[in-house]
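Working notes, beginning with the structure itself.
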Amino acid sequence: MKEIRTSPVLVVDFGAQYAQVIARRVRELHVYSEIVPHNISAGDVIAKNPAAIVLSGGPKSVNQEGAPSLDTDIYELGVPILGICYGAQLLARDLGGGVAKNTVGEYGRTSLHRHKDVESQLLQSLPQKFSVWMSHFDAISRPPLGALSSASTKDSTVVAFEDVKRRFAGVQFHPEVTHGEYGKEILSNFLFEIAGVSKAWTNYSIIEEAVKEVRDQVGDRKVICALSGGVDSSVAAALVHEAVGDQLTCVFVDTGLMREGEVEAVEKTFRDQFSIKLITVDARERFFEVLRGVEDPEVKRKAIGETFIRVFEELRPEIQDASVLVQGTLYPDVIESGTSTAAKIKSHHNVGGLPDVMSFDLVEPLRWLFKDEVRSVGSELGLPNEILWRQPFPGPGLAVRILGEVTPESAETLRKADLIVSEEIQRANLTKTLWQSFAVLVANVKTVGVMGDERTYESPVILRAVTSEDAMTADWARLPYEVLESISQRIIAEVPGVNRVAYDITSKPPGTIEWE
Ligand code: XMP
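In this note's numbering, the protein residues as written are 15 to 530.
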């Protein structure tokens, strides 16, 4: 196993967002991959002992001043290299080929034609003609010395090349995106036919590897994990428990601002199923106390953050012998933060309020994983689907979904409405297609309604359901009318204090996902 992790496929990041997608696709082919910056030195590459290298696309043109390049000694290491888009142009430019401005750029779906007389390993078993995804202006005019051009498009003569002797290949298009055809086959041909990489990265080995790493890092020290009820902290806790058993204590703060059934699910899973030492702090009264009379969203957030800190401070006697803290940092967070220091600051934030004066070493067992890998690891460790498929939930909880004062009553009203949303979305089998779906209570507004012969004067609930890849942008979900209807009917009939339901049809931007 160790051998596999020490021979990753390195994905060199040239600055577009494609590197992450490429790393994903490589992992989907059961090959471990890591993203490295484009200024990596040949020495650092040697230290990683890679099985192959993939050069990603990038926003610049290779002939532009200041365009990122690769330490050319890397070409001499004998490591197989695949260049994609910018990466392919770099190979052409650096290895005796040519890159020139094309008369026209190619963007979007484009038809590729294979050269009939060229026997290609890269395009092996693919049709003569298929569609690929392009995004470039400059084009490869000549492949690297010794490489054969194996395909072209209407506007570019060299869109795929390979040198099977040196084990170099390049494609002008993006095989990693799903809009083109046969991308997976092309990556697979490169990895297994040209580079001779072996398949060995499975979830099972992820667990084995992570468990070993955690054991090495933690030794016999005591570990603490603040559970949020979300996927990442839950899987991280289960993994660390697998590694160090009773040395782990989990802390879960019940703020009174959780969704229905969340506290019970956490207790049932961690205390009962995994027999993990779990301290649940019932801090409901305290949180409602500090939220009394508060309407301003930022003041709410601050009050909640400070209360988290105080709760942890008071817990200190119980957790003082712990010197390691588990963080559910994922690979995309690691890449985004860039440096380990930044990752520390960001993850520190995620804990939701550990006091600064308490210092811990961090253990981050998920730092090499993407979200869906985290889910499958969690599933393999026996975590229930209700935790694994939980939607993202803001740290300040339901407080930022209650417009106006947050009271035990308003929280209970929202929890009831929110449960109906979850149930109906689940019944329609839409949970996994949505990034988030929830109810918002406009507690500080009343609307007139009529129920039976009675006039009502109660609060509206807003239904929010969005699709998104990463929460940076989001679109309102086109929920079927029947689902909207059943949610609306049930909320009005079953939740006292609510007499109207509206659906939020604002995307992000310009709106945000949450209402506060
Ligand atoms: P917005 O509302 O900014 O939300 O579009 C983007 C994502 O972040 C979540 N969110 C939060 N998460 N603390 C958190 O831990 C917060 O204060 C917070 N506010 C928003 C939100 O649920 C969405 O997934």
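All residues carry an ideal CB built from backbone N, CA and C; glycine is no exception.
Go to residue i, then tell me how far its beta strand (DSSP E) extends in each direction, as first and last residue.
| i | result |
| --- | --- |
| phenylalanine 266 | 262-268 |
| aspartate 108 | Looking at the DSSP string, aspartate 108 is not in any beta strand (DSSP E); the run it does join, the alpha helix (DSSP H), is 100-108. |
| alanine 453 | 450-456 |
| tyrosine 517 | 512-517 |
| arginine 123 | 112-128 |
| histidine 150 | 143-156 |
| alanine 33 | That residue, alanine 33, is in no beta strand (DSSP E); its alpha helix (DSSP H) goes 32-42. |
| glutamate 483 | Neither: glutamate 483 is in no beta strand (DSSP E) and is coded neither H nor E. |
| leucine 339 | 336-340 |
| leucine 376 | 375-377 |
| alanine 66 | 66-69 |
Between residue i and residue j, what straight-line distance do the alpha-carbon atoms span, to the nearest angstrom?
| i | j | result |
| --- | --- | --- |
| threonine 343 | threonine 283 | 21 Å |
| serine 55 | valine 172 | 29 Å |
| isoleucine 505 | alanine 81 | 57 Å |
| valine 377 | glutamate 223 | 14 Å |
| alanine 66 | leucine 383 | 20 Å |
| glycine 525 | alanine 485 | 12 Å |
| lysine 168 | valine 249 | 49 Å |
| threonine 269 | glycine 243 | 12 Å |
| leucine 104 | glutamate 227 | 36 Å |
| arginine 298 | proline 422 | 9 Å |
| aspartate 230 | isoleucine 238 | 16 Å |
| isoleucine 290 | tryptophan 215 | 29 Å |
| isoleucine 98 | phenylalanine 374 | 41 Å |
| threonine 2 | glutamine 287 | The first residue shown for the chain is 15 and the last is 530, placing residue 2 beyond what the model contains. |
| cysteine 264 | alanine 252 | 10 Å |
| arginine 315 | aspartate 85 | 47 Å |
| lysine 358 | valine 191 | Low confidence applies here, because lysine 358 scores a pLDDT of 37, under 50, leaving its location unreliable; read the following figure in that light. Taking the straight line from one Cα to the other gives about 31 Å. |
At a cut-off of 7 Å, would you count residue i as near the ligand XMP, judging by its Cβ distance to the nearest heavy atom?
| i | result |
| --- | --- |
| glutamine 341 | no |
| arginine 315 | yes |
| glycine 409 | yes |
| alanine 240 | no |
| valine 414 | yes |
| lysine 446 | no |
| glutamate 528 | yes |
| proline 406 | yes |
| lysine 522 | yes |
| glutamine 287 | no |
| alanine 485 | yes |
| glutamine 450 | yes |
So the alpha helix (DSSP H) residue i belongs to, where does it begin and stop?
| i | result |
| --- | --- |
| glutamate 278 | 276-280 |
| aspartate 386 | 385-395 |
| isoleucine 290 | Run containing isoleucine 290: none; DSSP gives neither H nor E here. |
| isoleucine 506 | 495-508 |
| isoleucine 401 | 399-402 |
So does residue i have its beta carbon nearer than 7 Å to some heavy atom of the ligand ZN?
| i | result |
| --- | --- |
| glycine 396 | This structure lacks the ligand ZN; the ligands present are the ligand XMP. |
At which residue ranges does the segment 301-326 contain complete beta strand (DSSP E) runs of 3 or more residues, listed in the order of the chain?
none
Contained alpha helix (DSSP H) runs [length at least 4] in the segment 204-237, N- to C-terminal order
217-232
Which runs of the alpha helix (DSSP H), 4 residues or longer, sit entirely within the segment 405-444?
422-441
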